[in-house]
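Enquirer:
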Amino acid sequence: MRIRSNKGFTLIELLIVVAIIGIIAAIAVPGLLRARMSGNEASAIGSLRAINSSQQAYASSCANGWYAIDLPTLGTPPSSGGAPFISPDLSADQFVEKSGYTIELQGAIDATTTETAPCNDGEGSVSSGSLVSAYYAYADPTSPGSTGARYFWTNTLGTIYFSNSETLSNEFVGSTAPGAGSVLQ
Numbered sequence: 001m002r003i004r005s006n007k008g009f010t011l012i013e014l015l016i017v018v019a020i021i022g023i024i025a026a027i028a029v030p031g032l033l034r035a036r037m038s039g040n041e042a043s044a045i046g047s048l049r050a051i052n053s054s055q056q057a058y059a060s061s062c063a064n065g066w067y068a069i070d071l072p073t074l075g076t077p078p079s080s081g082g083a084p085f086i087s088p089d090l091s092a093d094q095f096v097e098k099s100g101y102t103i104e105l106q107g108a109i110d111a112t113t114t115e116t117a118p119c120n121d122g123e124g125s126v127s128s129g130s131l132v133s134a135y136y137a138y139a140d141p142t143s144p145g146s147t148g149a150r151y152f153w154t155n156t157l158g159t160i161y162f163s164n165s166e167t168l169s170n171e172f173v174g175s176t177a178p179g180a181g182s183v184l185q
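Sequential numbering of the sequence shown, starting at 1, is according to the working numbering.
(1) Ends of the beta strand (DSSP E) at Ala139?
(2) Enumerate in chain order the residues of its own chain whose CB-to-CB distance from Ala57 is below 7 Å, with the five nearest sequence positions on each side excluded.
(3) With C-beta atoms as the reference, is Tyr136 less than 8 Å away from Ala108?
(4) Excluding the 5 residues flanking Asn155 on each side, which residues of the same chain have their C-beta closer than 6 Å to its C-beta?
(5) My assumption, with CB atoms under 8 Å, is that Ile63 sits in contact with Leu105. Please give the rounded CB distance.
(6) Thr142 to Ser47, Cα distance in whole Å?
(7) Need the endpoints of the beta strand (DSSP E) that Val96 sits in, please.
(8) Suppose you measure from the CA of Thr10 to the CA of Ala25; what does that come to, to the nearest Å?
(9) Considering Ser263, what are the terminal residues of the alpha helix (DSSP H) in which it resides?
(10) Under the three-state reduction of DSSP, which class applies to Glu13: helix, strand or coil?
(11) With three or more beta-carbon pairs closer than 8 Å as the criterion, would you say the stretch 146-155 touches the stretch 33-47?
(12) Going by C-alpha distance, which of Thr73, Asn170, Glu171 is nearest Cys119?
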């Protein structure tokens, strides 16, 4: 006959360990979600900065001081050869979803339009009237409160603005500051 060994854990001990793990998870998960939202917001800000930089490069090297009217135009490489002015992940469509944000670039309401840029005339998405004197771009969270908490906006001036409560996509001006939002520091 064998003597029973006392090695191992009792049911109570296992339940205590599971409860402790549950408490730790309840504390950690909200922090991880906030970190993901912060990462998404940083990506949106980076995308708007990339749009501003690409617009400046496009205007100075390709469009005789004019700006692209949309993201696909910035994604069109010069017909003489070379790389597009903006990365493919931002120029795939008129509205681009990236890192939990919807990003769009448009000609501003206070802008004038002109013909195509000489360096990428006739290259697919670029058409007559595709250059503007002013632009604006915005990044709105696809699921507010989940993918991001702030709304971002920029224009020809290059300053990025944000709002905690409402979209700035209805701010159509390209040459002045928006009527809402705060400057991103």
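Note that the Cβ used here is the ideal one computed from N, Cα and C, for glycine as well. From a predicted model like this one, the values you see are computed outputs, not experimental measurements.
Expert: Let me spell this out:
(1) Start and end: 135-141.
(2) Spatial neighbours of Ala57 in its own chain (CB-CB distance under 7 Å, excluding positions within 5 residues in sequence) are listed in chain order as Phe85.
(3) Taking 8 Å as the Cβ cut-off, Tyr136 and Ala108 qualify as a contacting pair.
(4) These residues qualify, in order along the chain: Tyr136, Gly174.
(5) Note on identity: in this sequence residue 63 is Ala, with Ile being the wrong assignment. Wrong, their Cβ atoms sit about 14 Å apart, outside the cutoff.
(6) For Thr142 and Ser47, the distance between alpha carbons rounds to 15 Å.
(7) Note, Val96: beta strand (DSSP E), 95-98.
(8) In this structure, the CA atom of Thr10 is about 23 Å from the CA atom of Ala25.
(9) This structure leaves residue 263 out entirely; the chain is present only between 1 and 185.
(10) It is helical.
(11) Taking a cut-off of 8 Å on C-beta distances, the stretch 146-155 touches the stretch 33-47, as three or more cross pairs fall below it.
(12) Selected option, being the one with the closest Cα: Thr73.
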